[in-house]
Structure formats: structure tokens, C-alpha cells
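First residue of the sequence shown? That's 1 in UniProt numbering, and the numbers climb one at a time after it.
Glycine is no exception: its CB is placed at the ideal position from the N, C-alpha and C atoms.
To start, the structure itself, in C-alpha cells.
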Amino acid sequence: MTVETKKETLGFQTEVKQLLHLMIHSLYSNKEIFLRELISNASDAEDKLRFEALSKPELYEDDSELKIRLSFDKEANTVTISDNGIGMSRQDVLDHLGTIAKSGTADFMKKLSGDQQKDSQLIGQFGVGFYSSFIVAKRVEVLTRRAGSDASEGVRWESEGEGEFTLETIEKKDRGTSVILHLKDEEKEFADSWRLRSLVKKYSDHISFPVEMLSEPTPAAEGEEAKEPEFEAINEATALWTLSRSEVKDEEYNEFYKHISHDFQDPLTWSHNRVEGKLEYTSLLYVPSKAPYDMYNREAPRGLKLYVQRVFIMDDAEQFLPLYLRFIKGVVDSNDLSLNVSREILQSDKAVDSMRSALTKRVLDTLTKLAKNDPEKYQSFWSEFGQVLKEGPAEDMGNKDKIVKLLRFATTHTGKSDQDQSIEDYIGRMKEGQDKIYYIAADSFGTATSSPHLEIFRKKGIEVLIMSDRIDDWMMSYLNEFDGKQFQDVAKGELDLGDVENEEVKKQEEEATKEFESLLTQIKELLKDKVADVRVTSRLTDSPACLVVGEQDMGAQMRRIMEAAGQSLPDSKPIFELNPEHPLVLRLNEEQNDDRFNDLAWVLFDQAALASGDALKEPGAFVARLNKLLLDLSK
Numbered sequence: 001m002t003v004e005t006k007k008e009t010l011g012f013q014t015e016v017k018q019l020l021h022l023m024i025h026s027l028y029s030n031k032e033i034f035l036r037e038l039i040s041n042a043s044d045a046e047d048k049l050r051f052e053a054l055s056k057p058e059l060y061e062d063d064s065e066l067k068i069r070l071s072f073d074k075e076a077n078t079v080t081i082s083d084n085g086i087g088m089s090r091q092d093v094l095d096h097l098g099t100i101a102k103s104g105t106a107d108f109m110k111k112l113s114g115d116q117q118k119d120s121q122l123i124g125q126f127g128v129g130f131y132s133s134f135i136v137a138k139r140v141e142v143l144t145r146r147a148g149s150d151a152s153e154g155v156r157w158e159s160e161g162e163g164e165f166t167l168e169t170i171e172k173k174d175r176g177t178s179v180i181l182h183l184k185d186e187e188k189e190f191a192d193s194w195r196l197r198s199l200v201k202k203y204s205d206h207i208s209f210p211v212e213m214l215s216e217p218t219p220a221a222e223g224e225e226a227k228e229p230e231f232e233a234i235n236e237a238t239a240l241w242t243l244s245r246s247e248v249k250d251e252e253y254n255e256f257y258k259h260i261s262h263d264f265q266d267p268l269t270w271s272h273n274r275v276e277g278k279l280e281y282t283s284l285l286y287v288p289s290k291a292p293y294d295m296y297n298r299e300a301p302r303g304l305k306l307y308v309q310r311v312f313i314m315d316d317a318e319q320f321l322p323l324y325l326r327f328i329k330g331v332v333d334s335n336d337l338s339l340n341v342s343r344e345i346l347q348s349d350k351a352v353d354s355m356r357s358a359l360t361k362r363v364l365d366t367l368t369k370l371a372k373n374d375p376e377k378y379q380s381f382w383s384e385f386g387q388v389l390k391e392g393p394a395e396d397m398g399n400k401d402k403i404v405k406l407l408r409f410a411t412t413h414t415g416k417s418d419q420d421q422s423i424e425d426y427i428g429r430m431k432e433g434q435d436k437i438y439y440i441a442a443d444s445f446g447t448a449t450s451s452p453h454l455e456i457f458r459k460k461g462i463e464v465l466i467m468s469d470r471i472d473d474w475m476m477s478y479l480n481e482f483d484g485k486q487f488q489d490v491a492k493g494e495l496d497l498g499d500v501e502n503e504e505v506k507k508q509e510e511e512a513t514k515e516f517e518s519l520l521t522q523i524k525e526l527l528k529d530k531v532a533d534v535r536v537t538s539r540l541t542d543s544p545a546c547l548v549v550g551e552q553d554m555g556a557q558m559r560r561i562m563e564a565a566g567q568s569l570p571d572s573k574p575i576f577e578l579n580p581e582h583p584l585v586l587r588l589n590e591e592q593n594d595d596r597f598n599d600l601a602w603v604l605f606d607q608a609a610l611a612s613g614d615a616l617k618e619p620g621a622f623v624a625r626l627n628k629l630l631l632d633l634s635k
């Protein structure tokens, strides 16, 4: 049958060009990973065929023995990786080999610095995949045909990894894909049987399909004919997660992680567990060492690889873990789900709900164990994934206490911006008589630590948690208490230091309120459009005034974030608190000139707003009033 050749030359997506250039120049020290990536892709293609063939057995095309074959030609300086998996149509080839079909690719590219060592780490977060071929190849050919399509619908893709690639329709008898690498002259070492076999053993021994190579020729015994080389499996071809933990080496766990994640860095830790009884399933869950480039895109594909009775069902099965654990990679293999399970069925399956609950607990227990046994490694985890874990208290009420124990904070105790203190560390240092966990939320560590709200806490030696991540104020709206102790925002509501505050202080505050009653009334009338109330306070020692958010109102940090996002907000006004012992407040109380009184009151209000991290609505008016007061003082 003649094939109508349809050949066209097309340009790579801009991001692909950048990634290719970066890989070729940054991953030279990790060049052998190309084989791991291509064998992993071939394994995925075999998995996908086996799944589709459950409902369409004809896709096997009388060849149900799934395998991956590896061959080389020393004279031509080529290496070929072939599979008889699902294969690709012309459109599939365009989608997968001409573009990077991942949201956020452009943002990822912006992070690249040009520093090859740093950028190679970023590539590990992105996943290298097929394009790693060009680390060792000057030209790559892909011959492919989708299972179930006509032999005349084969496709040849070819590129030198620069600006363009060609697509051509070909005749291809067998389904599946062959990737032919035309090696660079300096990479001839890979066109070698021993080299390829050792790399398969090192990186791909755990692949659950046989990876075959031609057997080594052996000299014939005298009087016998030499045996023709035959294809033989060179890997164990056992699904690693089905083995017991004692049978698997750490190196094998690491390589399996790289196979399923396409990351080339080792994971931080993992948990391998078999559950028997009412439900039967096996899970192998990994905590990566680096956050993926698109971690903060909550819509990005995520989840575990799902197998049912060792048959691959789907990538990114998101139903088995909550969204705040979306960074977890791994495999779950169930005996209690049907082979024709779909995403829709998963959403309403009671077995899935039970597995989700158990797997979530398993991850949190793994992180708890890591925090206890290796605090330094856990701190590395927190630096990468802490802000995502902070979504947990809102999303998973049942595990709230477990999650809170895993959170890390900066505090006034250390005076550093490093988030390295646990809630249990804080409780262990609480003052006698202290019954609340105090915290302050601000846009930055510097803004928080310079806040006047901390003055009384410093004076009394009471530790305060410093929260400066954008998510913190939102997270704290879901955290009321821990271990029987309430969380208290020091910039919200009336100050309550519990038994730490003696009766003498309360008495002084009551007396000051009476003494300054006229002043408070006058300021409240002046600022009536800006404040909900004006009162004296004992929370200040050095500053003349501060702004306090009402007990039931949204925190200042959260308001600013929502305003920036264009969200409509309920009306609320802060409470203006004055330090009755401060010279400026005493001066204000004695001021007889109405204009000077008004100017000074407004300046104190604007200063308090600035100290709380707010931008002034009328900065020009603030400057004019301040200049006027300075000129009055100079007379």
C-alpha cells in the first residue's frame, strides 16, 4: 500500500527552544539520565496501552507481550529505544514533541538565571523528559504509530534540537514508538552494550516491563554452530512497590522516585506501606526535595499514580490526597477498585474515601517522623513546601492538630526571620500565668518586628509568633486554639495578658481613661470617619499610638491582600489607642490651639497607620501637617 507522504517543517514553541538550550549546556554532568527518561516514557506508553486495552482488546493487534527494546549501532553511532505501547498519532506528536504542554512554563523560564549550576537544579523541578535526548544526540528521529490505527498512519518526527522539527507520514507496520538517537561524536561511549546494560541496571531496573537487549555473542563449542543472539531481559521487571520493604534498597527507592516524577534529584524521604484487612492496597509515597515550578498553581495536574491489581489506571489521581499535600509523589495499588474505574467513579467511591483518609495520615506521620528524627532535613522541607502545608488547617479539620505541630514560625524569641520554631517549642517557653499563644501578622518580618503592638510583650518578656507570609492571616482565621490554648492576634481586640498582667496595670488603665476622657472624646469626634473608637492602652511603652483591629473584624494583612485582588470588603474601622504616658499624648492633652491640636492628632493617627503597614490615603496631607508642626516647634 502506498502512503501519501505529508511532510512539513515546523518551529518549536519558544519555551522548548529555551529548555533545549539550557539542557544541552547545563546538564552535561548528568547526561546519562537521557536513557532513564526515554525508558520511563516507554514504560508509560506500555502502561497506557494495557489500560486502554481493558475495554478495547483489539488494540493489542495480536501482540500482547509488552516490552521495551534497546539496541545500538556502533558504526552508525546510534542508540534506539523502542516500545510496543500505545504509540502516537500525528496530533499526539505535535502536542508532545513540539510544545511543553504544562501551564506556567513561561513563569518557570523567567526564574532561570543563566548560572548553569543553579539552572540545572531548576530543570530538576520541571522534569526533563524526552528533550533530554539532545544532551547526547545531535539529531533525534521518532517513528511512531498509535495502537488501533492503520499502518499507513505512522509518523516520523525529526529534529536537531535547534529551531525546527519535521513531521512526515510514513508506513509503520508495528504499533508503538522508536526513538533513534544519532549520537554526537563525543558521546560514542553510549553505543556500547556494556554501557547501556549498566545504565539500565542503575536507573531502570525497577521498570515493571522487560527492557530487552540482544544477548552477548558467545563463542561456539568445537563442532557446534554459533548461536544467534536473542533478545533477553536485562532488568528485574518487577513492580517495585509490590516488594516488601526489606527487599528494596534505598538506591532503588530513589531511582523509582525519579522514574515516576521525572525529577533527577533524590527525594527527602518516603513511606512504603501495605494495608491488609477490610481494604487491601499498597502505597509508596515520596516527599520531594525541591518544590515543582508550578506548585502554587492549584489547578496544575497532581496526585498519585493509580494501579489496580498492578494494572496502571491513571496518572495524577488527585482523589487520594488533599490539595495541601499536592507536592507528594507516589503510587497506590488497590485490590478493592474495579479495573474500569474512572475519575468520576473515584469521586464517589467509599473505598477511595477510606484510602484518602489513611494516606493523608500516612503522609503527616511521615513528616512528623522526619521533623523528630532529622530536624535539619525537615527544615529543608519546610523551606520548599511550608506555605502549601499552611493551607492544611482550613482544608483538613480532622488533622488540624497534626498539621499545626508541623508548622514552623519565626518568633520574637529568636529575633530571626527564619521560620524554624514549632508551636510546641513556643508552648515550652510560655511564661507562668500565660494562657494564650500570641502572634502578629504583617506584610514582612521587618514590619512585624517593628510594630508598636510588640512593645508590652518585649517589656514583659512574652514571646510572640511572627507571621509574614501572605497566607498567614488567612490560615489563622481557621486556627482558634491548640492544646487548650487560644491563639491571640496582638493587633486585634482588647489586650489580654492573662495572669501575666497584674491588677495594678488594669487599675492604672481605668484611671487613665477617666483622666483623658475629654481628650478621647475630642479625638473621636475629629477622626469619626476613620476610627471605630479611641481609647487609652497599656500595650504601648515607647510609641504614642497604635491602630487595633476590632475583635470580629478581618485582619489588616488579609484586608490588604483582598483589596489588592479587587475583592469587595465589609466596612470596618480600626480602634485608635493612645499611650497616656507618652510626651506627645501629654502635649496633645494640654494643647489649647485647635489647629495645632487637629494637626498633631492627625499626624499621630497617620503614624500609627504607617507602623501597622498601611499605605496612607493622603500622604501629601500627612507631610504638610508634619512640616507645619516642625516649623511651629522651631519658632
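Check                                                                                                      : Outcome
Three or more C-beta pairs below 8 angstroms linking the stretch 297-314 and the stretch 38-51             : yes
Residues near S82 by beta carbon distance below 6 angstroms, same chain, minus five either side            : R69 and S178
L325 beta carbon less than 8 angstroms from that of T360                                                   : yes
For T449, the three-state DSSP class (helix, strand or coil)                                               : helix
DSSP-derived helix/strand/coil call for F231                                                               : strand
Beta bridge counterpart(s) of Y307 as assigned by DSSP                                                     : F312 and D333
Opening and closing residue of the beta strand (DSSP E) in which M213 lies                                 : V211 to L214
Alpha-carbon spacing of K492 relative to A448, whole angstroms                                             : 14 angstroms
Cβ-based neighbour list, V464, same chain, cut-off 7 angstroms, excluding 5 preceding and 5 following      : T411, T412, Y438, Y439, I440, L454, F457 and V490
Where M295 falls: helix, strand or coil (DSSP)                                                             : coil
Endpoints, the alpha helix (DSSP H) within which T78 is located                                            : No alpha helix (DSSP H) holds T78; the beta strand (DSSP E) holding it covers T78 to D83.
Nearest residue (CA-CA) to T166, options V155, G176 and L243                                               : V155
Close Cβ partners of G392 (< 6 angstroms) along its chain, the five nearest in sequence each way excluded  : Y324 and I403
Of the listed residues G176, K7 and D63, nearest to A45 (C-alpha basis)                                    : G176
Secondary structure of K492, DSSP reduced to three states                                                  : strand
Within 8 angstroms, strictly: CB atoms of A191 and N77                                                     : yes
CB of E212 within 8 angstroms of CB of E232, strictly                                                      : yes
Euclidean distance between Cα positions of L10 and A147                                                    : 25 angstroms
S444 versus D420, G428, D469 and E432, residue with shortest Cα-Cα distance                                : D469
With 16 other Cβ atoms within 10 Å as the buried cut-off, status of R625                                   : buried
Cα-Cα separation between T521 and F605, rounded to whole angstroms                                         : 15 angstroms
A101, buried or exposed, once every other Cβ within 10 Å from all chains shown has been counted against 16 : Any reading at A101 needs caution, since the residue's pLDDT is 42, under 50, leaving its predicted position unreliable; the model's value is listed next. With fewer than 16 Cβ atoms within 10 Å of its Cβ, A101 is classed as exposed.
Alpha-carbon to alpha-carbon, G161 and R145                                                                : 22 angstroms
Rounded C-alpha distance that separates K57 from D174                                                      : In the sequence on display, residue 57 carries Pro and not Lys. Taking the straight line from one Cα to the other gives about 16 angstroms.
Local conformation of T414 per DSSP, three classes                                                         : coil
Limits of the unbroken beta strand (DSSP E) element including S71                                          : I68 to D73
DSSP-derived helix/strand/coil call for K573                                                               : coil
Any alpha helix (DSSP H) of 4 or more consecutive residues that is wholly inside the stretch 257-295       : none
P544 burial status per 10 Å Cβ neighbour count (16 or more: buried)                                        : buried
DSSP beta-bridge partners of I170                                                                          : G154
Cα-Cα separation between S198 and D205, rounded to whole angstroms                                         : 10 angstroms
Cβ separation of R36 and K258, assumed to be a contact under 8 angstroms, to the nearest whole Å           : 7 angstroms
Alpha-carbon spacing of H96 relative to A237, whole angstroms                                              : 27 angstroms
CB of P288 within 8 angstroms of CB of S271, strictly                                                      : no
Beta-bridge partners of S159, as assigned by DSSP                                                          : V140 and F165
Candidates T541, K573 and P580, of which the one nearest Q552 by Cα                                        : K573
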